[in-house]
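Below is one structure, written out as structure tokens, with a few remarks after it.
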Amino acid sequence: MGFWNQIDSFFTESATAKEHSPFRKIVLFLLFFILNTVLLSMDFLPDMVSLSVGQVSDRDVMAPRTVSFVDEPRTKKLEAEVLAGVANVYDLDIGAAVTAEEDISRIFRNVRTIQADKTLKTPEEKLNRFKGLISGLISGPIQDQTVTMLMTLTPAELEQIEEHARTLLRQYLYRGIRDEEIENVRKQAAADVEKLGLGESGVMVLMDITLPHLRPNFILNVRETDLRRQSALRKMEPVRITVKSGQILVRRGDVVTEEQMQTMSELGLHRTQVGMARLLGLALYVLLVMGMLLLFFQRFLPDVFADDRRLLLVGLVILLTLLIARVGHVYSDFATPIAVGPLLTAILVGPRAALMLEMVIALLFGIITEQNLRVVSFVLLGSTAGIYSVVKSTQGYSLVRAGLWVALTNATTIFLMGLIEEIDFRQVLSDSLLGAVGGIAAAILSIGLLPYLEQSFRITTSEKLLNLARPNHPLLQRLLLEAPGTYYHSILVGNLAETAAGQIGADPVLARVGAYYHDVGKIQRPYFFVENQ
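Residue numbers for the sequence shown follow the working numbering, beginning at 2 and rising by one.
What follows is the structure, given as structure tokens:
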């Protein structure tokens with residue numbers, strides 16, 4: 002007890018130099034800030050695993066926390082599939098169809114001009130003149146036989162072939178031709194020409210003149226295609242992998258795969274350094290929560306804020322509760338007796354401090370449980386029920402009743418939250434039962450710890466007063482036997498004081514106990530007093 006006595010003297014010292022100094026409060030705040038941060042950061046430290054792809058695992062590897070991350074290989078594969086599913090956007094070039102029709106018209110106009118030219122006597126002269134006139138109008142060379150046939154056609158036959166050529170061009174060019182379709186389109190056009198019944202010469206002429214003009218006139222719209230691809234990628238959800246805390250990643254004897262290696266890397270199992278960003282965020286979060294608690298005490302509970310001993314008690318209760326939460330998290334969050342902190346605070350410090358402390362514990366416990374809303378909910382509601390039960394207590398066994406209220410509230414909250422989250426009904430019932438067990442365990446722990454905290458911090462609680470008011474208390478029994486007149490007088494005064502205190506809003510239990518023991522000193526010389534003679 003020597004160490005505790007030194008701490009006690011430090012926080013109860015009333016020397017002028019320290020009476021109004023914030024030094025002790027700063028020491029307390031920094032001490033519990035560091036301890037709470039270290040306690041909460043245990044899951045942030047890397048658990049190194051010396052495994053590689055293809056290696057046989059020599060042990061089971063478990064996830065230290067819940068994590069959700071993007072599976073890059075699968076996401077890239079999905080991106081490729083999405084992009085492949087986006088059709089290219091083409092713009093139809095109507096101008097190509099118009100130009101082709103104009104070229105056909107010029108070809109047949111030149112044929113008619115040559116046929117009417119009397120200066121051209123021989124077929125060779127007509128052939129050369131025709132080739133010179135249509136240069137650039139037809140892609141590729143034109144057969145001499147085709148030109149000879151053209152020159153021998155009658156005006157009616159020329160008109161018929163020209164009309165067929167226009168119809169054929171309109172049929173395909175106005176519909177649009179893509180690069181990859183050009184061969185099939187020309188084959189289909191040739192088949193269409195064969196069906197016209199123009200004879201061998203007519204078919205040859207029409208095909209040689211028309212087919213070269215069937216060219217791709219669908220132009221790829223690069224900008225619009227890229228926009229559609231980007232839009233499709235934005236709508237695509239990346240492939241995510243979610244690993245739950247405690248889930249086995251690799252079993253002993255399994256061959257490690259690349260996917261398992263990626264999961265372990267995301268969990269930091271292959272990192273040699275601690276995630277400084279996470280640690281910094283945690284430290285600032287704990288600093289914010291503890292700072293808000295201290296400001297609450299300063300603003301709304303100045304008597305608690307001014308008492309360094311009670312601030313030390315609050316800090317120890319928070320640390321103890323988080324330690325219990327850390328151990329309980331390994332087995333079951335719902336069975337964890339997390340309400341022990343608020344119950345002890347309500348009894349030793351007060352209900353308002355306990356209500357604020359339960360919120361602090363719920364927020365910090367949320368870090369341990371990966372922000373599990375069901376856990377945070379039952380911590381808040383169960384602790385509130387326990388605080389209310391303790392405050393309303395005017396007779397013994399209040400902590401037992403408080404434990405029952407916490408158990409009932411825990412089970413109800415867990416059950417309702419399970420229904421909201423659509424969890425399996427059997428699992429909900431199991432979790433609710435564990436929550437009830439946690440409530441009972443909180444009461445048992447509180448009953449066990451309360452006497453030590455009362456004695457260590459010299460706090461007289463209502464529970465202690467109720468114990469002092471029991472008729473079978475040893476000191477009252479001695480008073481009854483050695484000074485019976487004083488005893489009955491004290492009992493009468495106690496009843497009157499209790500009634501009066503209730504009428505004016507004072508503490509009836511404190512008034513009754515004070516009256517019971519106000520004349521206890523008469524035990525030393527009971528016969529000196531008239532009521533005992």
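Note that CB positions come from ideal geometry on N, CA and C, so glycine has one too.
These numbers were taken from a predicted model, which means no experiment stands behind them.
Residue span of the alpha helix (DSSP H) that contains S457, given as start and end: 426-458
Comparing C-alpha positions only, which one of R253, F30, R187 sits nearest to V57? R253
Who are D227's beta bridge partners in DSSP? Note: D227 sits in no beta bridge, so no partner.
Per DSSP, which residues does R241 bridge with? Please list them. V71
Please identify the residue among F109, E532, A97, D118 whose C-alpha is closest to the C-alpha of Y173. A97
Beta-carbon proximity list for L29, same chain, < 8 Å, skipping 5 on both sides: D309, L312, L313, G316
Residues near A437 in its chain [Cβ-Cβ closer than 8 Å; skip 5 each side]: A408, L409, N411, A412
Beta-bridge pairing of Y91 - partner residues as DSSP gives them: L221
Using 8 Å as the Cβ pair cut-off and three pairs as the minimum, do the stretch 217-237 and the stretch 77-89 touch? yes
Can you give the Cα-Cα distance for Q372 and P65, rounded to whole angstroms? 15 Å
Residues in its own chain within less than 6 Å of Y175 by CB, not counting five upstream and five downstream? A98
My guess is that I319 and L268 are in contact by the Cβ rule of under 8 Å, so how many angstroms apart are they, rounded? Contact doesn't hold; Cβ gap of about 28 Å is too wide.
Which runs of the alpha helix (DSSP H) at least 4 residues long sit entirely within the stretch 458-520? Give them in chain order. 463-469, 475-483, 485-505, 509-518
What first and last residue would you give for the alpha helix (DSSP H) that runs through L29? 24-41
Nearest to V350 by alpha carbon, out of V392, I448, G383, K26? V392
Neighbourhood of L170 by C-beta distance below 8 Å, restricted to the same chain and skipping five residues each side: A98, A101, E102, I105, T211, H214, L215
Looking at the unbroken beta strand (DSSP E) that takes in V251, where does it start and where does it end? 249-251
How close, in whole Å, do the beta carbons of T337 and G329 come, if the pair is a contact with beta carbons under 8 Å? 3 Å
Distance between Y91 and M152 (C-alpha atoms, nearest Å): 40 Å
Taking contact to mean at least 3 C-beta pairs separated by less than 8 Å, is the stretch 190-204 in contact with the stretch 117-126? no
Would you list, in sequence order, the uninterrupted beta strand (DSSP E) runs of no fewer than 3 residues that lie entirely inside the stretch 184-221? 219-221
Measure the alpha-carbon distance for F530 versus K523 and round it to whole angstroms. 8 Å
Quick one: using the 10 Å Cβ neighbour count with 16 as the cut-off for buried, is S1 buried or exposed? As displayed, the chain neither begins before 2 nor continues past 534, which places residue 1 out of reach and without an answer.
To the nearest angstrom, report how far apart T168 and P74 are at their CA atoms. 53 Å
CB of I108 within 7 Å of CB of R130, strictly: no
Reduced DSSP secondary structure (H/G/I, E/B, other) of V54: coil
Under a three-way DSSP split, which group does V62 fall into? strand
Going by CA-CA distance only, name the one from Q261, L199, L477 that's closest to D61. Q261
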